[in-house]
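Reading through the structure tokens given below for one structure.
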Amino acid sequence: MFQSFAAKCGMVTAMNDSFIVTGITLVYLVAVLWLGLRARSQSASGLEGYVACILVFADTPLERADTVLLKLVIEIADFSPWIIGLMLSGALAAAMSTGANLAHTAGVVLVRDVFGATFMRNCSDETAVRVTRWSVVGVSLMAYLIALFNPSSLVMLLLGAYGLIVQLMPMALGALFFRKLRRHSVFAGAAVGSLLFLLFQFLVDSPFGWHAGVWGLLANVAVVALFQVAVAKKPVSREAAA
Numbered sequence: 001m002f003q004s005f006a007a008k009c010g011m012v013t014a015m016n017d018s019f020i021v022t023g024i025t026l027v028y029l030v031a032v033l034w035l036g037l038r039a040r041s042q043s044a045s046g047l048e049g050y051v052a053c054i055l056v057f058a059d060t061p062l063e064r065a066d067t068v069l070l071k072l073v074i075e076i077a078d079f080s081p082w083i084i085g086l087m088l089s090g091a092l093a094a095a096m097s098t099g100a101n102l103a104h105t106a107g108v109v110l111v112r113d114v115f116g117a118t119f120m121r122n123c124s125d126e127t128a129v130r131v132t133r134w135s136v137v138g139v140s141l142m143a144y145l146i147a148l149f150n151p152s153s154l155v156m157l158l159l160g161a162y163g164l165i166v167q168l169m170p171m172a173l174g175a176l177f178f179r180k181l182r183r184h185s186v187f188a189g190a191a192v193g194s195l196l197f198l199l200f201q202f203l204v205d206s207p208f209g210w211h212a213g214v215w216g217l218l219a220n221v222a223v224v225a226l227f228q229v230a231v232a233k234k235p236v237s238r239e240a241a242a
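Here the sequence shown stands for residues 1 to 242, where the numbers follow the UniProt record's numbering.
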């Protein structure tokens with residue numbers, strides 16, 4: 001949905017649709033969060049029958065929680081091979097469709113909002129389409145390499161992805177509420193925050209056990225504030241004042 005209105009409509013329509021999509025997503029996340037907390041409380045109190053996964057693997061916890069579906073379908077449930085094949089095919093199709101949407105969205109946003117606002121301002125539509133296609137390939141390869149070199153659960157992979165996405169928060173807040181934020185300030189903050197996140201995520205242990213995205217966001221906000229203060233203290237020339 002996002003890549004459709006991001007590529008085809010104007011700013012006002014995109015903002016309205018984004019609020020609708022955000023509201024629907026929040027309702028869904030609240031329901032999932034409530035289910036997880038409820039299941040945790042039921043498991044802690046010793047009650048049975050709320051979530052089957054907790055009861056089945058209560059005595060032998062899984063090494064990786066994101067393999068629970070495979071364990072249930074292949075080892076626990078007495079399904080025929082045809083049913084198992086159909087279920088796993090559905091899971092694979094869901095993962096592929098989500099990955100394709102995310103890759104296309106990242107390519108469109110990268111070319112339209114980052115490249116188009118900097119060094120590709122006067123490019124033709126054919127050039128923009130060609131760069132977008134290669135951006136989709138590059139984003140997909142980057143995601144594949146990150147998944148290979150950081151083998152962990154799906155939850156940790158999602159947290160790693162959100163650690164980079166959250167670096168765009170100052171840009172979004174500036175576009176919606178703080179119009180005085182300079183473009184170079186938020187770009188510099190996003191670059192520093194992303195680099196610091198990658199450093200703590202893959203090379204150096206994060207201080208105090210905090211997630212690397214938190215440190216990246218703190219550095220991001222600090223760089224944006226420093227740039228804004230430096231711009232505010234910059235003397236205005238006579239020609240600009242006139």
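Glycine included, each C-beta is placed from N, C-alpha and C at the ideal position.
Distance check between Ala-106 and each of Ile-76, Pro-170 and Ser-140 places Ser-140 closest, using alpha-carbon atoms only. Taking a cut-off of 8 Å on C-beta distances, the stretch 166-179 touches the stretch 209-228, as three or more cross pairs fall below it. Gly-174 sits in a helix when the DSSP states are folded into three classes. Sorting Tyr-144, Ile-146, Ala-225 and Leu-195 by C-alpha distance to the C-alpha of Lys-180 places Ala-225 at the top. For the set Leu-203, Phe-200 and His-184, the Cα lying nearest the Cα of Thr-118 is the one of His-184. Cβ neighbours of Ile-74 within its own chain (closer than 7 Å, five residues either side excluded): Ile-84. Look at Val-166 here: in three-state DSSP terms it is helix.
The C-alpha of Arg-182 lies about 28 Å from the C-alpha of Leu-159. Of the other Cβ atoms in all chains shown, 16 or more fall within 10 Å of the Cβ of Phe-197; this residue is therefore buried.
Separation of the CB atoms of Val-114 and Thr-132 is rounded to 12 Å, and the pair is thereby denied contact status at 8 Å. Residue range 125-149 is occupied by the alpha helix (DSSP H) that includes Glu-126. Taking Ala-188 as the centre and dropping the five residues before and after it, the same chain places the C-beta of Val-223 and Phe-227 closer than 7 Å to its C-beta, in chain order.
In this structure, DSSP gives Glu-75 a helical state, which the three-state scheme calls helix. Around the beta-carbon of Phe-178, fewer than 16 other beta-carbon atoms lie within 10 Å, marking it exposed. Here Ala-117 carries a coil assignment [DSSP, helix/strand/coil]. Shown here, Arg-179 sits in coil according to DSSP, grouped into three states, outside any helix or strand. Using a Cβ distance threshold of 8 Å, Gly-163 and Ala-103 do not count as a contacting pair. For Trp-82, the uninterrupted alpha helix (DSSP H) segment begins and ends at 81-109.
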